[in-house]
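J.:
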Ligand SMILES: Cc1ncc(COP(=O)(O)O)c(C=O)c1O
């Protein structure tokens with residue numbers, strides 16, 4: 023039956039996520055997948071969460087299964103306000119809204135700031151999920167190039183003057199997908215621009231706590247205060263399945279966020295919020311973060327060492343100091359999208375870089391995740407990828423030579 027329905031312009035803008043499509047294939051057990059952004063399931067704190075669930079049902083009881091306030095349950099907001107006051111800047115519960123993942127935070131940001139044609143300044147590449155969340159509002163993206171110190175803030179200034187953007191979206195720590203961290207100087211510059219031109223900065227920060235080497239850089243939120251809306255999440259430090267995250271925003275805009283949240287889903291899962299509030303008691307969270315950092319830091323090192331050994335010389339990559347991803351650049355004539363089919367034949371998977379560009383205009387890059395496979399699998403997977411790269415780069419060079427004769 024044909025459904026001759028007229029869909030909203032926003033819905034028509036939505037494409038299915040390239041990553042979700044790829045993940046469907048890579049979920050096959052025989053494939054070594056560097057494609058997803060999944061934390062290591064063997065490191066989830068199952069026993070402690072079991073205890074937390076039991077305690078919530080016994081001590082909070084029916085209230086934990088009831089509707090609750092849109093901003094989030096008090097013990098969780100209190101915990102977040104205290105933790106963020108130590109780590110980021112002095113703030114109170116009034117500055118915090120609990121969301122169903124940061125992905126919902128991005129949707130609420132889109133609802134709050136974007137109309138058809140509104141300009142979003144973002145990094146190139148940028149987080150694919152943000153593009154998806156914003157696309158329904160039909161914005162126009164102005165992308166800013168990056169180097170090893172993050173987005174080129176001089177370009178941001180030029181673009182602010184030219185396009186009068188509604189917001190600047192940035193993943194400043196161990197960016198998804200590139201792994202790059204925005205330098206202190208660039209953060210200061212960005213905050214200065216936000217102040218001068220009244221543009222809010224969205225500081226999307228799921229990976230800030232996952233630093234394996236080097237020193238923390240002061241957060242955009244701590245440098246920019248009320249000029250910055252920060253998104254945080256437990257997805258990469260406790261569990262993504264619980265869908266608990268938060269928006270930190272100035273009190274002046276909290277009422278607006280609260281109304282948008284009400285319209286979206288009334289409130290985030292009450293039980294999950296109480297469970298997280300119970301789980302994080304007694305310093306448990308910091309201990310757990312230390313454990314996962316040790317494991318992911320090792321996996322990062324193993325991946326980089328294997329790449330050095332098995333990747334051909336004309337392939338470059340980033341060496342992130344934290345997070346879950348690194349970014350690979352192939353010679354310009356190679357399409358990472360086409361090459362994925364070859365990689366899948368060798369039973370190894372990655373995500374091509376193309377969808378991380380809002381206009382999908384670059385195709386010789388790819389993202390590798392290092393948190394989800396064991397060190398042994400990482401070595402084997404990189405070896406297979408190295409073979410695919412070498413063979414295809416050599417073949418392309420041969421074809422070019424023939425064509426140029
Ligand atoms: C940069 C970035 N923002 C937001 C999210 C969404 O996180 P959540 O699981 O909290 O929805 C992710 C998840 O990978 C991410 O990498």
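Residue numbers (our numbering): 23 to 427.
Backbone N, C-alpha and C define an ideal beta-carbon position, used for all residues, glycine too.
Because the structure is a prediction, the values reported are computed rather than measured.
Verify whether the separation of the beta carbon atoms of residue 212 and residue 135 is less than 7 Å.
T.: Cβ atoms of residue 212 and residue 135: not closer than 7 Å.
J.: Could you please give me the residues that DSSP links to residue 339 through a beta bridge?
T.: Partner(s): 350.
J.: In chain order, what residues of the same chain lie with their CB nearer than 7 Å to the CB of residue 179, ignoring the 5 residues before and after it?
T.: Only 215 meet the Cβ criterion.
J.: Tell me the DSSP secondary structure of residue 148 in three-state form.
T.: If DSSP states are grouped into helix, strand and coil, residue 148 belongs with coil.
J.: Just grab the DSSP bridge partners of residue 189 for me.
T.: 142.
J.: Between the Cα of residue 37 and the Cα atoms of 240, 407, 350, 381, which residue gives the shortest distance?
T.: Of the candidates 240, 407, 350, 381, the one whose C-alpha sits nearest the C-alpha of residue 37 is 381.
J.: Pick out the complete alpha helix (DSSP H) segments inside the stretch 256-317, 4 residues or longer, and give them in chain order.
T.: 273-287, 292-301, all fully within the stretch 256-317.
J.: My understanding is that residue 358 touches residue 344, with C-beta atoms under 8 Å, so please give their C-beta distance in whole angstroms.
T.: With 8 Å as the limit, residue 358 and residue 344 do not qualify as a contact, their Cβ atoms being about 24 Å apart.
J.: Only counting runs of 4 or more residues, tell me where the alpha helix (DSSP H) segments fall wholly within the stretch 23-83, in order along the chain.
T.: With a minimum length of 4 residues, the continuous alpha helix (DSSP H) runs that stay inside the stretch 23-83 are 31-35, 40-48, 68-77.
J.: Does the distance between the C-beta of residue 198 and the nearest non-hydrogen atom of ligand 1 fall short of 6 Å?
T.: Yes, the Cβ of residue 198 comes within 6 Å of a heavy atom of ligand 1.
J.: Any idea what DSSP makes of residue 236, helix, strand or coil?
T.: Three-state DSSP puts residue 236 in coil, outside helix and strand.
J.: Per DSSP, which one or two residues make a beta bridge with residue 390?
T.: Its beta-bridge partners are 348.
J.: I need the DSSP call for residue 113, collapsed to helix, strand or coil.
T.: In this structure, residue 113 counts as coil in the three-state DSSP scheme.
J.: Return the first residue and the last residue of the alpha helix (DSSP H) that residue 128 is part of.
T.: Unbroken alpha helix (DSSP H) run through residue 128: 123-135.
J.: Between residue 257 and ligand 1, is there a pair consisting of the residue's CB and a ligand heavy atom that are separated by less than 6 Å?
T.: Yes; taking the cut-off as 6 Å, the Cβ of residue 257 has a heavy atom of ligand 1 nearer than that.
J.: Please list the segments of the beta strand (DSSP E) lying wholly inside the stretch 192-251, counting only runs of 3 or more residues, in order along the chain.
T.: The stretch 192-251 contains these whole beta strand (DSSP E) runs: 223-226.
J.: Got a sec: does ligand 1 put a non-hydrogen atom nearer than 6 Å to the Cβ of residue 228?
T.: Yes, the beta carbon of residue 228 sits closer than 6 Å to at least one heavy atom of ligand 1.
J.: Where residue 251 and residue 333 are concerned, what is the direct C-alpha to C-alpha distance, given to the nearest angstrom?
T.: Taking the straight line joining both Cα atoms gives about 39 Å.
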